Every structure is written in C-alpha cells, then in structure tokens.
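Q: Numbering (the numbering used here), first residue to last: 806 to 1635. We treat Cβ as the ideally placed atom computed from N, Cα and C, and that holds for glycine. Only a predicted model underlies this, so the values are computations on that prediction, with no experimental measurement involved. First the structure, then my questions, so here it is.
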Amino acid sequence: DVKYVICNGDEGDPGAFMDASIMDGDPHAVLEGMLIAGFAIGASQGYVYCRAEYPLAIHRLEIAIAQMRDMGLLGENILGSGFNFDLKIKMGAGAFVCGEETALIASIEGQRGMPRPRPPFPPISGLWGKPTVIQNVESLGNLPLILKNGAEWFSEYGSENSKGTKTFALAGKIKRTGLVEVPLGTKLLDIIYDVGGGTSSGKAVKAVQTGGPSGGCIPAARLDLPVDYESLTQAGTIMGSGGMIVLDEDNCMVDIARYFLTFTQAESCGKCVPCRVGTRAMLGILDKIVSGRAEMADLDRLEEIAYTVKNGSLCGLGQTAANPVLTTLRYFRDEYEAHVKEKRCPAGVCPALVVAPCMCGCPAGVYIPGFVSLVGERRYDEALRMHRERNPFASVCARVCFHACEGKCRRSALDSPVSIRSTKRFMVEREKAPQLPEVRENPAASARKVAVIGAGPAGLTCAFFLARMGYRPVIFEAEPKPGGMLVQAIPAYRLPRTELDREIDMITGLGAALKTNCRLGRDFTLQSLRDDGYEAVFLGMGMPKGQNLGIPGEEDGGAVDALGFLKEYNVTGKAQVGKKVAVIGGGNAAVDAARTALRLGAEEVTILYRRTRNEMPAYAEEIDEAENEGVRLWTLALPLEVVKENGAVKSLRCQRAAQGEFDLSGRRKSLAVEGDFFTLEVDQVIAAIGQEPEAGVITGELGLKQSRNGAIQVDPVTGQTGVEWLFAGGDNTTGPASVVEAIGAGERAAVGMDLFLSGERHDFWRARPHVDTHFDPLADPDMTPRAPMELLPVEKRRGNFEEVELPYTEEQAVMEARRCLRCDFCAEEH
C-alpha cells in the first residue's frame, strides 16, 4: 500500500521563523528525519511543504535532496535495503490555514487549501486517500539525534510530560529579540529576564502572547508558568508556531486581541460557519469596544461567540482563533470594562478613546496638553484653572507626583519627554490670587448629608468634587491637622506646608466643612453617621500603620516605623533621632526617613535594602539626592536582629544576600548567603517595609470585603463598596500607592456618590474643554532640549527643611511647554 510522509514547514505565523532557520541551517537533519519516518511506516514518498517566500530554505533543501540522491539515500533500493523512498518540495502560496494538516494535504493535491472534517484522520486517510504521517520541522530534525543518542538522553531535557527543547521567536518589548531554544518546562520568567534581558522599555511586563495569531495572552501574574504543552493549554493559550511576544503597560490588551483576530479572520477559509461568521462577529464587537460604542452586554456576547467559534469550528484555525479574545477577557477584563464603562483606554492606544497618551498616564485625568500649551502662551491663570478642573492639588502634584504622564509622552521617541511636572511647578508658583474652578449650585444636592472620613488626598479630593456639584460634605479627620500622608509622611523639603495648607484651604472654602480630632471608632461610628442622617459616606483613611520587621529586638523601642518617625517631626516639629541611624526598606518612606534623620542631626544614616539599588521602588531622583546628601546605601542586606544593651539599641545584626531567581515583579529574589553575617553599629533603627490599615476599624463594623493586604474591595469605576451607601478610595483600597492615584480615586468616588444619591450624573468637569492656543501641525517640532530642574546645593540642605527642587525660570517653563507635540490636536480635529 502507498503511504506518505509530510514535513509541515508552512510556518504561517508572520512573526515566526524557527522552521526556516532549521531548514536554512541544517536541511539534512530534517530530510534524514523524513527518511527515517518513511522507513518506519513503509512510506515511499515524502513531501516538504514550505511556503514560497522562503527562497533560501527551498534552495538549500533542493541542494540537500540532490546530495542525498547522489549518495544513494533517495530513490530505488536505498543502500541495497530494498527500501524505496523519494522526496519532493511543495511550495505553498502562504495561506495561514494551510498550516492545518488537512488543508495542507489539499494544497499538495492541487486543490484550494481548505480543511476537511476529521475523522478519518490523515494516518488512516490522508494524501490522495492514503495513510499519511504529518510532522513538524523540529520533530523531524530531532529524530536522527534521538535515535543516535537514545530516548534517555532526549528526556534529560524538558518537563515530566513534555520532553526535549523548544525554539521560540522572542519578540515585542524585549531587549534581546530573536530565536531562543530552551528546555520545555522553562518558566516564562526565566525566558523573559534571563534570556531576553527584560523589557526594552524598562517598564513592567504586562503580558506575554504565545502561539502566534491564534495563541493567547498570559498576564504578568502568571509568569512563573512553565512553558510546556499542558501548562499553556491550561492557561488558555497554545504552543502553536512558537511565537512569544512580550507586552508592557503601553500595550492595550483589547487592541492586541483585535489585532490578532483581524489576521485570523482574514485567513479564515470560510468553509465552516462558526469560523467564517463568528470571527467576523467578534471582530465587529471589538471594533465597537475600541471606538467607544460598546455596552457591557457586548462583553458577554463577545465571550459567548468566542466559545461558539472555539467549540464549533472545523479545524485548528477556527478552534484557536478565539484564544486572544478569551484570554484577554479572562485576565484583563478590567481593561475591557475601562473601554466600555469609562470610554477610556488605559494604555493610551485606541485613537477614539485617547486625547493624548500623557492623559492616559495621569490617574486624575488632567488635560495635560491643554494646560501645558497655555503655559507656552504665558496664560498661567487659565492653565492653573484648567488643571484644577480635574485635580485640586496642582501645587502638591507639582512637587511629589511620580509623573506617570511623562512615561507616556510621545516626545520621548524624538528626544526626551516634556517635563510636565516642572512646567506645572512654575505654573503654580505664578498664582497670585486663588484660581478656583467652576462650582455649580444645586439646592437638591446641598440638602443631602454626605460625609467624608479622612482628610488625606483621597478624602479632600472627594469633598472638592462633591462641593463643586453643590453638596456640602462634612470631612471627619482623626488628626489635629488635615492632609493625611501629605502632612504626616512627606517631608517639607519635598512639600512645603504653606503650599499644602493653601490648597486645603481652597477645598474647604468651596463649601466643605472640616471636623478635626474626630476618629472613627472612638468619636463616632458609621452607624451613628447613618443615624444622624448621612446618606452616603466616603472612607479615605489610607493605610497609616507601618509594618513590623518581624525580627528579635524590634519590640519596646528597638525599631520605630518610618511613618511614625516622619509623623512625629512633621506634625510636632520634634523627633528623637540617633547619631547612627539604620533605615530598613527601599521605598519612598525609607528615603524620606533617611533624609529627614540627616536634617535632624544624625551623623551617619544607612539605608539597608534586601535587593539591589536598581530594584528599589523609591523614585530614582530621590535615591540620587539621598546619596548626594550623605546617606549610605547598603544593598543585598537582610536584617536579623536589633541588638540592645541596657534597653538601648546598640547594633543591627544582618546577613548578606545574593540574587536568586526572578519573581513575578521582574526583580530577583534575595537569598541569604549562608554564614555571611555582619553587624552595623547603630543607635536607632527605622523600619520602612510597608503599610497596613488600622485593624478592624471598618470591616469589624460592617464586614466589608477585603483583599489579602487588608484593602477594602470597591468598584473601580465608582468606588462603591459592598454596602451601597459606603464608598472608599485611596490607599485603603489599593494598598500604599501614590498621591495622584488617591486623587483620582477621590474624584471617581464623588461621581459615584452623586450617581447613587441622585440617579443622575453631574460630572460636568469631565467634558473636554476647548483650548484656543495656537498650534501649527505642519511646523517642525521645537528641538529645544529638555530643561533640567535646578536643585538646592547640598551644602545648604543640612540642618534645615528648605525645598530642594527649585522652579524653572519663566523662559525655561515657556520653552519647555512649547516642546509639547500637542497629541490632542489630532483628536480635536477628529
């Protein structure tokens, strides 16, 4: 009986070229594998199916086949064995569907490449109805080596159920792109960071797309996944073509799903209805989502159609075409909901939902190109009013914001991003009279009682926007002074108190009442507020408690927490500080505590961190200035014990660490080096390793749902908790985060509270303002380099809390503002 062997070298994924590299580099191995397979099954003819746009691979295969014939390894009676076998090359036209085995067979037969139902499967009825074995290039190329070295040798590589190695085409936002070969079972973490070197952008990995156009997306939270067939299938993706694309925060997952589905929909052969119609229907819904026309019901419809296509399609193309949609819905549903509910693309990619990428990076949604362009025309009061339409803390954010907007700035592709924060700093310095945003009177709203608990950035912002809608919120603050972490934790050399007080006074001046020294659980309860007639309450108490180190000796004053240390000085003007201080931690609180200790008279201050300097979560510029001021940074150090003598701290016993494997954050784990200890002579230890909420203050009363770190679970769009009249935002919902993120949460909660109370939306400030500044889209960009921010000389910082960062001159600010590319212009024209 006639039998056939086929090598599937189609490689229809545009981003994959692993098969081509093998056929280019070692065609003899593939052909030898086909010869062995033919002998094993008794086949007399083999076909190498290779797409025509691989001319080099085809040329070298032709040479290798000719050499085999010359050596008597092809043709009649090979090497006198009585075995007859010959090889032919079949060039495909490039249709993606021809990677599917039955469509490939049809193409070799001279028909249109379309799949057919199975069974019968090709080993029973394949090419021209005869038994046919189809294998891929890698498997056939490995076959000679397996027979030569044995199965045990091959099984040394790979996982329990997936033996051997696999070659991937590593691409996307990765430093080292190209073909990489790793044992099956290697973790995605190791491939991305050890082999690929991490992201090329320096930003966090968001997801990894595997398997080509019909593969799925694996989120960063699952990067410890071993790359083998079983694990990928369980995660909702496939090995597929071997493509592996690394995505970062600048990639929109909805757009990614749409991109790959566009390809597979165009490549659908049209033979079966689920694939032909279903992929088009899914693409239509995705188009609605990215253009801002979708409703929440569309997400359920999209998922339903995706499963119909997956389960009802004839061939592998249709059965896997929905993978990009299903995995992004599964792992990134919040991103879909942002597109649908908020008409916002968090990554700043979808044109219909993006005014400018910098605005997508701003948690408060400030119209950045608008106020920057007004600064460029020296219209500073108008610029400040525009900023305060979305963020009341212009001066605060001009000093302490982590400026995520600059990370999204398209100007960085040209030279460097616009210094948005520094431009804002100059703008607020020019304020002579308070520049107040619009406030609308609403008698119905002013008659409703609403409460805000916590006068931190989230609570004050919530009160600000409630007041602008006509409410008269009452703010309850546990401390004597409002401001929360702004006043308690951030040192004055970063945030002068006069600036903070000025903006808080502006907020309370809009109609919000402030009650200080009123602590929840001590002076009132949530139920007592309800009894007093409050119809909606916002919780913005943050996470004011520092975490313990968990080492011997820290109790009874052996270690103080950084938040307590900073609060003591920032609120009272006095704080006990040692001569030799050790600060444990790597975040902003650790750096703030270290720099504060120096200013209060400490002779030596050392920051000990368990990882390396590059992995410290503190702002890079703050770390730089800490070192410039004399703070010593000791990395890869693990504290073991606070050693005391007569009740006083004498030293800190530590152990050196080494870098281990990567963790899910993309940073290497710290592993203790056995037997490598050291002791640091100190008389004060400050712990800055994290924050937590005050235990039981809220959840004990109402049983609110919490996440693992104690944060309250809320609706991300409205801030509403599981109790309909209770809203929350800021650190007590996210864990320790930034000031501007708390501001954004406060604004969203204010809108949510109004919607709950009135059943209507009155968020008038969210309407896009008209900007009448001049912009010539045909002119070349201003090539002025980014202006550096001047700093107070180091020698003038010791012993005082003078502000370190100095404002731009007017000329610097105007020139910097004019560097803006005005990405909003196209959106405005559209």
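Tell me where the alpha helix (DSSP H) around Met804 begins and ends.
A: No information on residue 804 is available, as it lies outside the stretch 806 to 1635 that the chain covers here.
Q: Quick one: is Arg1327 buried, meaning 16 or more other Cβ sit within 10 Å of its Cβ, or exposed?
A: The residue is exposed, with fewer than 16 neighbouring Cβ atoms inside 10 Å.
Q: Quick one: which unbroken alpha helix (DSSP H) runs of 4-plus residues sit fully inside the stretch 1201-1239? Chain order, please.
A: Qualifying alpha helix (DSSP H) stretches, in chain order: 1209-1213, 1225-1234.
Q: Enumerate in chain order the residues of its own chain whose CB-to-CB distance from Thr1401 is below 7 Å, with the five nearest sequence positions on each side excluded.
A: For Thr1401, where only same-chain residues beyond five positions count, the Cβ hits under 7 Å are Pro1296, Leu1371, Tyr1374.
Q: If you draw a straight line from the C-alpha of Lys935 to the C-alpha of Gly1121, how long is it?
A: Spanning the two alpha carbons is a distance of roughly 22 Å.
Q: How far does the beta strand (DSSP E) with Glu1409 in it extend, from its first residue to its last?
A: Residues 1409-1414.
Q: I think Gly1021 touches Leu945, with their Cβ atoms under 8 Å apart; what is that distance to the nearest whole Å?
A: Not confirmed; about 27 Å, so no contact.
Q: To the nearest whole angstrom, what separates the beta carbons of Leu1441 and Ala1425, a pair I think is in contact under 8 Å?
A: At roughly 18 Å, the Cβ-Cβ gap does not stay under 8 Å, so Leu1441 and Ala1425 are not in contact.
Q: Please give the ranges of any alpha helix (DSSP H) in the stretch 1318-1370, keeping only runs that are unbroken, at least 4 residues long and fully inside the region.
A: You should have 1331-1336.
Q: For the alpha helix (DSSP H) containing Cys1267, list its first residue and its last residue.
A: Unbroken alpha helix (DSSP H) run through Cys1267: 1262-1273.
Q: Taking Cys855 as part of the beta strand (DSSP E), name the residues at either end of that continuous run.
A: First-last of the beta strand (DSSP E) with Cys855: 850-856.
Q: Can you tell me whether Phe1137 is buried or exposed, with buried defined as 16 or more other CB within 10 angstroms of its CB?
A: When all chains shown are included, Phe1137 counts as buried.
Q: Going by other Cβ atoms of all chains shown within 10 Å of its Cβ, with 16 needed for buried, is Trp958 buried or exposed?
A: By the 10 Å Cβ count, Trp958 comes out exposed.
Q: Helix, strand or coil for Arg1418, going by three-state DSSP, please let me know.
A: Looking at Arg1418 - three-state DSSP - the assignment turns out to be helix.
Q: In three-state terms, what does DSSP make of Lys1372?
A: Helix, per DSSP.
Q: Just to confirm before moving on: does the CB-CB distance between Pro1239 and Met1311 stay below 7 Å?
A: Contact flag set, yes.
Q: Which partner residues of Thr970 appear in the DSSP bridge assignment?
A: In the DSSP output, where bridge partners are listed per residue, Thr970 has Pro988.
Q: So Asn1393 and Ala1423 are in contact, right, with Cβ under 8 Å, and what is the actual spacing, rounded?
A: 5 Å between Cβ atoms; contact.
Q: Could you tell me whether the stretch 1592-1601 touches the stretch 1193-1207, where touching means 3 or more Cβ pairs closer than 8 Å?
A: Taking 8 Å as the limit for Cβ pairs, the verdict is that the stretch 1193-1207 does not touch the stretch 1592-1601.
Q: Using DSSP with H/G/I as helix, E/B as strand and the rest coil, what is Cys1077?
A: DSSP places Cys1077 in coil when its eight states are reduced to three.
Q: Can you give the Cα-Cα distance for Leu1219 and Asn1419, rounded to whole angstroms?
A: Distance between the alpha carbons of Leu1219 and Asn1419: 25 Å.
Q: Would you please state the rounded distance, in angstroms, between the beta carbons of Thr1069 and Ala1126? I believe it to be under 8 Å.
A: About 4 Å separates the two Cβ atoms, so the contact holds.
Q: How should Thr1042 be labelled, buried or exposed, when 16 other C-beta atoms within 10 angstroms of its C-beta is the threshold for buried?
A: Thr1042 is buried by the Cβ-count criterion.
Q: Hey, quick one: how far does the beta strand (DSSP E) through Thr1484 stretch, first residue to last?
A: Segment 1473-1486, the beta strand (DSSP E) holding Thr1484.
Q: At which residues does the beta strand (DSSP E) containing Glu1446 begin and terminate?
A: Start and end: 1442-1450.
Q: Suppose the cutoff is 7 Å on Cβ atoms and the five residues either side in sequence are ignored; what does the same chain contact list for Gly977 look like?
A: Here the set comprises Ile1050, Val1051, Leu1052.
Q: Does the distance from the CB of Pro949 to the CB of Gly838 come in under 7 Å?
A: For Pro949 and Gly838, yes; Cβs fall inside 7 Å.
Q: Does the Cβ-Cβ distance between Leu1368 and Ala1294 come in under 7 Å?
A: It is a contact, given that the beta carbons lie within the stated cut-off.
Q: Closer than 6 Å by C-beta to Ser1639: which residues in its own chain qualify, once you throw out the five before and the five after it? Chain order, please.
A: Any property of residue 1639 remains undetermined from this structure, which presents the chain solely from 806 to 1635.
Q: Is the stretch 1208-1217 in contact with the stretch 1513-1523, if contact means three or more CB pairs nearer than 8 Å?
A: With a cut-off of 8 Å, the stretch 1513-1523 and the stretch 1208-1217 do not count as touching, because too few Cβ pairs lie within range.
Q: What are the boundary residues of the alpha helix (DSSP H) that Gln940 is part of?
A: No alpha helix (DSSP H) holds Gln940; the beta strand (DSSP E) holding it covers 937-941.
Q: Does the Cβ of Ser1036 have 16 or more other Cβ atoms within 10 Å, making it buried, or fewer, making it exposed?
A: The residue in question, Ser1036, is buried, as its Cβ has 16 or more Cβ neighbours within 10 Å.
Q: For the 8 Å Cβ check, are there 3 or more pairs between the stretch 1380-1387 and the stretch 1334-1354?
A: Touching, no, given that fewer than three Cβ pairs across the two stretches are closer than 8 Å.
Q: Tell me, which residues are paired with Glu1497 by DSSP?
A: Answer by DSSP bridge pairing, in chain order: Lys1350.
Q: Among Ser1006, Asp1092, Pro1129, Gly1166, which one has its Cα closest to the Cα of Ala1040?
A: Closest by alpha carbon: Pro1129.
Q: With DSSP collapsed to three states, give me the class of Leu1052.
A: Strand.
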